[in-house]
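Notes follow the structure.
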Amino acid sequence: MEQKFEAIVVGAGPAGCACAYSLAQEGLQVLVVERGKFAGAKNMWGGVLPGSSLAELIPGFREDAPIERHVSRRRISFLSQESSVSLEFRPARYSHPPYNDYTVLRARFDRWFAHKVEQAGAIVATGLEAEELLRDGDQVVGIRAGGDEFAADVVIACDGVNSALAQKAGLRGKLSPSSVKQGVKEVIKLPRSTIEQRFNLTDEEGIAWEFVGACTRGMPGGGFIYTNKESISIGVIVELESLLQNQVNANDLIDDFKSHPVVRDVIKEGQMVEYSAHLLPSYGLSIMPHLYTGGCLVAGDAAGLVLGTGLILEGANFAIASGVAAAKTVKRAKQMGDFSKQSLSYYQSLLEDSFVIKDLKTFKQAPHFLKNHRIYATYPELICNIVDRIYTGDGTPRKRLWQLAREEMKGKLTLYQLIKDLIKGKGAI
Amino acid sequence: MNSMRIEDKLAVNKYAIDKEVHINVNNEICQLCKHHNCVYACPAGCYNLSQGHIVFSYEGCLECGGCHIACTENAIELTFPRAGLGISYEYG
Numbered sequence: 042m043e044q045k046f047e048a049i050v051v052g053a054g055p056a057g058c059a060c061a062y063s064l065a066q067e068g069l070q071v072l073v074v075e076r077g078k079f080a081g082a083k084n085m086w087g088g089v090l091p092g093s094s095l096a097e098l099i100p101g102f103r104e105d106a107p108i109e110r111h112v113s114r115r116r117i118s119f120l121s122q123e124s125s126v127s128l129e130f131r132p133a134r135y136s137h138p139p140y141n142d143y144t145v146l147r148a149r150f151d152r153w154f155a156h157k158v159e160q161a162g163a164i165v166a167t168g169l170e171a172e173e174l175l176r177d178g179d180q181v182v183g184i185r186a187g188g189d190e191f192a193a194d195v196v197i198a199c200d201g202v203n204s205a206l207a208q209k210a211g212l213r214g215k216l217s218p219s220s221v222k223q224g225v226k227e228v229i230k231l232p233r234s235t236i237e238q239r240f241n242l243t244d245e246e247g248i249a250w251e252f253v254g255a256c257t258r259g260m261p262g263g264g265f266i267y268t269n270k271e272s273i274s275i276g277v278i279v280e281l282e283s284l285l286q287n288q289v290n291a292n293d294l295i296d297d298f299k300s301h302p303v304v305r306d307v308i309k310e311g312q313m314v315e316y317s318a319h320l321l322p323s324y325g326l327s328i329m330p331h332l333y334t335g336g337c338l339v340a341g342d343a344a345g346l347v348l349g350t351g352l353i354l355e356g357a358n359f360a361i362a363s364g365v366a367a368a369k370t371v372k373r374a375k376q377m378g379d380f381s382k383q384s385l386s387y388y389q390s391l392l393e394d395s396f397v398i399k400d401l402k403t404f405k406q407a408p409h410f411l412k413n414h415r416i417y418a419t420y421p422e423l424i425c426n427i428v429d430r431i432y433t434g435d436g437t438p439r440k441r442l443w444q445l446a447r448e449e450m451k452g453k454l455t456l457y458q459l460i461k462d463l464i465k466g467k468g469a470i
Numbered sequence: 025m026n027s028m029r030i031e032d033k034l035a036v037n038k039y040a041i042d043k044e045v046h047i048n049v050n051n052e053i054c055q056l057c058k059h060h061n062c063v064y065a066c067p068a069g070c071y072n073l074s075q076g077h078i079v080f081s082y083e084g085c086l087e088c089g090g091c092h093i094a095c096t097e098n099a100i101e102l103t104f105p106r107a108g109l110g111i112s113y114e115y116g
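Quick look at the structure:
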């Protein structure tokens, strides 16, 4: 063995950086291995960072981190082919610090975070891929990376949704198309003033705008638009299994979405500067992998720690919180001089006591509920049609809302289905 | 905004293309495949169906891993481009 570290973190995303940062702060010798040319080079997300977990770890990060804009309002739109019905939330508290959420571009943010990790005293080796886990019996004792061996008391796998290490550690099997969503995104460059004008934003303010309905052709998933300083992130997220069953390519969906009347105007004259794709784990607790084994912990997307409730899709807070919990576990194991599976089981109990597993348990029915196609194929169009009729005064006698709804539901949705969905929704989201 | 061809979309991305092919496709299995899931699973259009055969190029790969999960026939052997190579997002 060439070098020995107290901890090796694989992957310099939010989970890995949070873990390495808290370990290095405690004076542990930490190596972070990242296969991208720089931290963030391989990473993509929609674009909203909830500030809470990061603020706990790095107070004052707002002044320092490459934040694009703070989210001053949230909007959700139900889309039919031609129309949309939107709901906007704009609380006064979103307009002053501490802000709730931020729009962030990963290639910049992860690079900043990895730099903080280095400042805290860890070594961040980019352009280096962890190929294998080294073992002594059942105990993980290091990694092989770039053909060299690196020994460590513990390896923390934060290598993302496709985590090869979690599979190699025997903590997870191959994922199935029903357990992941595929996200595709385009970054569209526009002058700052144009963005602020189109979205009615003042300096530093941003919008998080999410869509459900026609943007996924009724398949489980949604669309999003997030404003950055000088660009707009636009994309769709769809369950992979549905894409395959319907023989649709996500690239065609994003093209459709961009040409929808409600979207077309806000991105017009923009220049597409990046096209990206990424998977998200969406299995919740149903096939949660084992989170630890002797000498090895798994955190973030690699552990499937993403919350999708239909109203919220959040991975960053979960990644950061699980990375910090992994670090706490490692510190405790170091004090005890024990990195066995038994000792590292503390990680599981830390996560179970925190929002990470608690939220996933609260919403454990959500992944199944959200596979209901009516949420995407029927309800958004119905809402658009009903609202259309409410505002249509064409000289014929008007009808009461419930009557309009019943007429619009005819042939599309039975009363029984509606009641069933409401009852199931009540228990799931 | 008119929809762009996938080639033009990928052309705006930054790649350091690895000369070593990082995805191996077993064509013997593909010929018997009935669903060709890979064609729909790849948002970079790396897999194309041409006269019943899968025609494959790896250069534009966005490294999402979708093809590997989608291929129920286990015909796709996926590794990632060697460290430092492949897609390099500037925005992400």
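Protein sequences, first through last, are from chains A and B. Heads up, the first sequence is in the numbering used here, so the first residue is 42 and it goes up one at a time. Heads up, the second sequence is in the numbering used here, so the first residue is 25 and it goes up one at a time. Cβ atoms here follow ideal geometry from the backbone N, Cα and C, with glycine treated the same way. These numbers were taken from a predicted model, which means no experiment stands behind them.
Local Cβ density within 10 Å of residue i, reported as buried at 16 or more and exposed below that
i	result
Trp86/A	buried
Asp105/A	exposed
Pro100/A	exposed
Ser234/A	exposed
Gln223/A	buried
Pro261/A	buried
Ala65/B	buried
His409/A	exposed
Lys33/B	buried
Ala133/A	exposed
For residue j and residue i, the rounded distance between their alpha carbons
i	j	result
Glu73/A	Gly57/A	The question names Glu, yet the displayed sequence has Val at residue 73/A. Those two C-alpha atoms are separated by around 8 Å.
Asp244/A	Thr403/A	37 Å
Lys78/A	Gly108/B	4 Å
Arg116/A	Phe130/A	6 Å
Ala148/A	Gly88/A	11 Å
Gln122/A	Pro218/A	27 Å
Tyr135/A	Asn141/A	6 Å
Ala68/B	Arg447/A	43 Å
Lys372/A	Gly378/A	10 Å
Val303/A	Arg239/A	12 Å
Gly311/A	Ala249/A	18 Å
Leu102/B	Gly84/B	14 Å
Cys199/A	Val51/A	5 Å
Ile229/A	Gly276/A	11 Å
Cys60/A	Val314/A	32 Å
Gly341/A	Tyr316/A	24 Å
Ala40/B	Ser112/B	7 Å
Phe102/A	Leu459/A	45 Å
Leu69/A	Val182/A	16 Å
Leu231/A	Pro138/A	26 Å
Gly201/A	Thr144/A	20 Å
Bridge partners - residue i, DSSP secondary structure assignment
i	result
Met313/A	Ile229/A
Ser272/A	Lys230/A
Asp142/A	Pro91/A
Thr167/A	Glu75/A
Asn48/B	Glu101/B
Val253/A	Phe119/A
Gly262/A	Val279/A
Cutoff 8 Å: residue i Cβ touching any chain A Cβ
i	result
Ala99/B	no
Gly76/B	no
Val49/B	no
Asn72/B	no
Cys91/B	no
Ile111/B	yes
Lys58/B	no
Phe80/B	no
Glu114/B	yes
Neighbour flag for residue i against chain B, beta carbons, 8 Å
i	result
Lys473/A	Because chain A is modelled from 42 through 470, residue 473/A falls outside the range shown and cannot be assessed.
Tyr143/A	no
Val50/A	no
Glu159/A	no
Asp429/A	no
Asn358/A	no
Ser386/A	no
Gly77/A	yes
Pro408/A	no
Cut-off 7 Å between Cβ atoms - residues of its own chain near residue i, not counting five sequence neighbours on either side
i	result
Pro105/B	Asp42, His46
Gln66/A	Ala161
Leu391/A	Ala366, Lys369, Thr370
His92/B	Ile100, Leu102
Contacting residues, own chain, Cβ-Cβ under 6 Å from residue i (five flanking each side not counted)
i	result
Phe380/A	Asp194, Val195, Gly336, Ala374
Gln44/A	Phe191
Asn426/A	Glu449
Close-in-space but distant-in-sequence residues of the same chain around residue i (CB under 8 Å, 5 per side omitted)
i	result
His77/B	Asn51, Cys54, Gln55
Asn287/A	Arg258, Met260
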